[in-house]
Each structure stands twice: as structure tokens, then as C-alpha cells.
Amino acid sequence: MQLRYNYRAYPDASQRRALASAFGCARVVWNDCLRDRREAHAAGLPYVKSADLSRLRITQAKRTAERAWLADVSAVVLQQSLRDLDAAYKNFFDSLKGKRPGRKVGPPRFKSKKDPRQSVRLNTNAFALQDNGTVYVAKVGNLKVTWSRRLPAAPTSLTVTKDSCGRYFLSFVVDTEPDILPALDTDTGIDLGLSAFAVLSDGSKIHSPRFLRRAEKKLKRLQRELSRKAKGSKNRARARIKVARQHARVADRRRDWHHKASTQIIRDNQAVYVEDLAVSGLGRTRLAKSVHDAGWSAFVGMLEYKAVKHGRAFAKVDRAFPSSQVCSVCGFRDGPKPLHVREWTCGVCGTVHDRDHNAARNVLVEGRRIVAAGRAETLNASWSAGKTRTKVPAQRVEAGSPRKGQPTQAGIPGL
């Protein structure tokens with residue numbers, strides 16, 4: 001299975017300039033190739049092949065005066081940018097033909113140098129782990145890295161990223177074997193919400209920290225200071241970085257909390273069932289800020305890949321399933337209820353239900369039925385349900401590159 005490991009990097013001034021050049025060159029190659037394919041499509045010409053684009057927009061472009069600076073960066077960066085464009089087009093075409101599950105994917109778009117996130121991707125020919133704990137990147141140098149843990153295997157791909165607040169990260173994709181945990185006889189259903197982040201079928205609640213709400217006061221002050229600065233001034237640039245750092249701090253805290261909560265749930269249960277919520281739709285309602293602050297999609301994604309990693313079963317219950325309307329004791333459907341109704345009494349058996357706990361118990365029953373029915377009748381079940389040794393993609397939809405040349409050393413000696 002493929003996993004991603006992120007580490008903070010600290011490039012010096014010359015390395016930051018080299019990385020900025022790499023970001024810009026990769027962006028220019030992407031935009032040039034995308035423009036050629038769009039113009040060919042508008043003119044009714046055949047789809048431009050990658051080999052032709054590589055020869056025209058990389059090899060020959062380096063010999064021209066307008067694009068001579070493309071030779072200042074590693075050729076791997078430019079080739080990987082073209083491969084990423086090919087992958088984006090493939091996802092778009094597969095989505096049109098119905099081969100790609102999930103939401104529809106749009107065509108590739110042009111990249112801007114003003115985007116808050118810049119990144120380049122490298123294969124094993126353009127980076128190497130050094131004995132002194134640094135990471136060598138072609139035509140950039142040895143980057144100083146803070147290693148929080150060892151790499152379990154030799155990485156197959158490296159993505160260098162700069163975020164909106166100026167931090168640099170190295171993201172390694174490694175192929176490793178699943179870490180199967182001892183089997184348990186417990187399973188759980190999870191009902192996600194806002195008043196309580198998650199309610200488990202055994203009645204336990206996970207309260208939401210509400211990181212964004214807690215940081216709102218400081219964010220308002222920083223945003224107010226930003227709005228008062230003159231556009232294009234250095235003071236405005238400094239104020240923008242302050243706002244970006246505060247948002248990054250909120251996102252980091254939320255991500256760390258999601259990891260800890262999801263890991264605990266996976267370790268304590270052999271099977272996990274969760275409702276498939278329409279987060280994109282809820283994000284357009286008056287509850288949008290609270291929905292985005294909760295981060296349900298990221299949390300469910302962590303549960304899914306950790307279930308495969310540790311040999312657990314995972315299934316999603318369809319969002320149309322009336323988990324809040326059915327009595328978990330007698331099965332009577334009591335009809336829809338507005339959100340302010342947090343407790344209700346069954347009209348048949350007289351059981352008093354907590355809305356969220358009852359929904360979690362119904363999700364548990366439906367999840368068991370989905371797994372027992374098998375894949376033939378479970379279109380909404382996760383493809384990892386009931387499987388222990390399954391290949392999974394790297395987190396955040398980052399595909400690994402094929403290994404070529406000399407293998408890179410696994411781990412960092414001396415740590």
C-alpha cells in the first residue's frame with residue numbers, strides 16, 4: 001500500500017530562490033501544454049500527444065530566448081508537470097465516460113503564480129536522502145529537514161510544497177505493507193454532527209473542539225488590519241502572511257485532532273460504519289462555517305485509509321438511509337424531525353431516544369447489513385470493506401512514481 005509522509009523543510013535563501021524558479025518553470029510548462037491542447041480542440045484538431053508537447057514545450061523551448069530559463073531547473077520537474085497534466089486529462093475523460101466514481105471532474109485549468117500553494121513533484125532520479133539527515137534535490141541542493149519519524153521504506157516520489165504562509169514541506173510517497181492489528185469482536189456506527197462531533201453506537205460522544213470558532217476573534221483582528229493596508233504595499237504583504245499563518249495554525253490543529261480521534265476509533269473496533277454525508281451541499285447553507293470547521297470529509301477519509309492499513313472493515317451508509325427517523329429498538333419509522341428536536345419518543349414501543357445515539361445505532365445495523373450482503377449489493381460500501389491486504393492510494397490523492405535508477409535509502413541514519 002502507498003502512504004504519504006510529510007516533513008517540514010527549512011531551505012536557505014539561495015535554495016528558496018531555486019525552489020521559486022522550479023515552481024515557476026513547472027507552472028509555465030503546464031500552462032503552455034494546456035494552451036496547446038485547448039487551441040487544438042477549438043480548431044477541431046486531434047488530441048496533442050505528450051511526446052509532441054515534451055519535444056515542443058520542453059526540449060525545443062529551452063533553446064529559445066523566451067524560454068531559455070527552463071534549463072535552470074531539473075528536467076524531471078518539467079517532465080513531471082507534463083505527466084500531472086496528462087493525469088488531470090485522464091481523470092476528466094474517465095469522469096465523462098463514467099469510469100471514474102464519485103463527483104464529476106472538470107477539465108484542467110491554468111495555474112497562476114498568485115496561487116497560495118506552489119508545488120513540484122520529483123521521482124527518484126531527482127532526489128536522494130543523505131547520511132547527514134538532509135535531502136538532496138536536483139539543482140536546489142541539500143535541504144534541511146525536521147524528521148519526526150523514520151521512513152518505513154524507500155520513497156518512490158517526492159513533492160516539494162510551499163504553502164500560503166511561506167512554509168516548505170517535503171512529502172514522500174512510500175510503498176509499505178499493511179500494519180495489521182489484532183482482531184477484535186467489536187464494531188461501531190458513527191453519527192457525525194455539529195453539537196457533538198461524533199456519537200458512537202455505544203453511547204460515547206466525541207466533542208468538537210471547534211478550532212475555527214476559538215480562533216475567530218484573533219482572525220477578525222488580523223483580517224481587519226489586512227483590509228486597512230494599501231494594496232501592493234509591503235505592509236499588506238506582511239499582514240497577509242499573518243492571516244495565512246493563523247489559518248494554517250487552525251488547520252494544523254484540526255488535522256492533528258482528526259488523526260488522533262480516527263486512530264483511536266480504528267484501534268478500538270474491528271469494523272467502522274459511518275454515514276455518507278453531503279458535505280458539499282451542507283457547505284452552502286447557513287451552517288457552512290460550522291460544517292467546514294468540523295472537517296467531516298477529512299475525518300472520514302482518515303478512517304477509510306486507516307481501516308485498510310490496519311486490517312479493519314469500513315463501510316459507508318447511504319445518505320438517504322433514514323437513520324434519524326427509525327426507532328433502533330422496534331424499527332418503527334416515526335417520520336422526519338427538524339434539527340432542533342434532539343430527543344424523541346417512539347410512538348410504538350415508547351422508547352425515549354437521544355437523536356444522535358439512535359442514529360448511530362441505526363448506522364451500525366445498516367453497516368452490518370451492507371458488509372454481510374457483500375459487494376454485489378453494496379454500491380455505497382467502501383472498496384476496503386472486509387479486506388485486510390488491499391492496495392490503497394497515497395493520502396491526498398498523490399500517486400507514486402515508478403522507481404528508476406538507483407534506489408533511495410529508506411529512513412535516515414542517526415535518528
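Residues 1 to 415 in the working numbering are what the sequence shown spells out, letter by letter. Every residue gets a Cβ at the ideal spot worked out from N, C-alpha and C, and that includes glycine.
Non-local C-beta neighbours of residue 34 in its own chain, meaning closer than 7 angstroms and more than five positions away in sequence, comprise 85, 108, 110, ordered along the chain. As the crow flies, the alpha-carbon of residue 91 is around 32 angstroms from that of residue 66. DSSP places residue 123 in the coil class of the three-state scheme, outside both helix and strand. Annotation for residue 247: the continuous alpha helix (DSSP H) segment containing it runs 234-268. Beta-bridge annotation (DSSP): residue 171 is paired with 6, 159. By the criterion of a C-beta distance shorter than 6 angstroms, residue 77 is surrounded in its chain by 22, 26, 120, once the five residues flanking it on both sides are discounted. Cβ-Cβ separation between residue 124 and residue 161: approximately 18 angstroms, too far for a contact (criterion under 8 angstroms). Annotated three-state conformation of residue 191 is strand, per DSSP. Cβ-Cβ distances below 8 angstroms link residue 117 to 161, 162, 163, 164 in the same chain, with the five nearest sequence neighbours on each side left out; the list follows chain order. Contiguous beta strand (DSSP E) elements confined to the stretch 85-134 occur at 118-122, 127-129, taking only those with 3 or more residues.
Take residue 282, set aside five residues on each side of it, and the residues of its chain with a beta-carbon closer than 8 angstroms to its own are 288, 291, in chain order.
DSSP lists 128, 142 as the bridge partner or partners of residue 136.
Assignment of residue 179 by DSSP, reduced to helix, strand and coil, places it in the coil class. Here the stretch 1-11 makes no contact with the stretch 52-71; the two share fewer than three CB pairs at distances below 8 angstroms. The C-alpha of residue 73 is placed about 20 angstroms away from the C-alpha of residue 172. C-alpha of residue 80 to C-alpha of residue 127: approximately 13 angstroms in a straight line. The beta carbon of residue 321 sits closer than 6 angstroms to those of 366, all from its chain and outside the five residues before and after it, given in chain order. Residue pairing by DSSP puts residue 344 in a beta bridge opposite 353.
Of the other Cβ atoms in all chains shown, fewer than 16 fall within 10 Å of the Cβ of residue 47; this residue is therefore exposed.
For residue 272, the enclosing beta strand (DSSP E) stretches over residues 271-275.
The three-state reading of DSSP puts residue 200 in strand, counting E and B together.
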